[in-house]
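As structure tokens, the structure follows; a few thoughts come after it.
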Amino acid sequence: MTGMAWEIINIIGTIAFAMSGAFIAIKVNYDILGIYSLGFTQHLEYPLESE
Numbered sequence: 003m004t005g006m007a008w009e010i011i012n013i014i015g016t017i018a019f020a021m022s023g024a025f026i027a028i029k030v031n032y033d034i035l036g037i038y039s040l041g042f043t044q045h046l047e048y049p050l051e052s053e
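What the sequence shown shows, in the working numbering, is residues 3 to 53, in sequence order.
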């Protein structure tokens, strides 16, 4: 797999984890700051790897 393809897959995965955190926050009726915070926290668990 080329480096470019791996980066695209990595970005898609990071967005998916951030969205899952945001969806959980919406489900439990968090405000906009809570939604952002939980989505960002999910993103931090699986950050993009820099070369």
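The beta-carbon is built from N, C-alpha and C at its ideal position, and this holds for glycine as well. None of these values were measured; they are calculated from a predicted model.
Assuming residue i and residue j are in contact, meaning their beta carbons sit under 8 Å apart, how far apart are those beta carbons, in whole angstroms?
i, j, result
"G15", "T43", "Rounded, the Cβ-Cβ distance is 16 Å, inconsistent with contact."
In three-state terms, what does DSSP make of residue i?
i, result
"N31", "coil"
"T43", "helix"
"T4", "coil"
"E53", "Note that E53 scores a pLDDT of 47, beneath 50, so its modelled location is shaky and nothing firm can be said."
Just to confirm, is the Cβ distance from residue i to residue j under 8 Å?
i, j, result
"L40", "I26", "yes"
"I28", "I34", "no"
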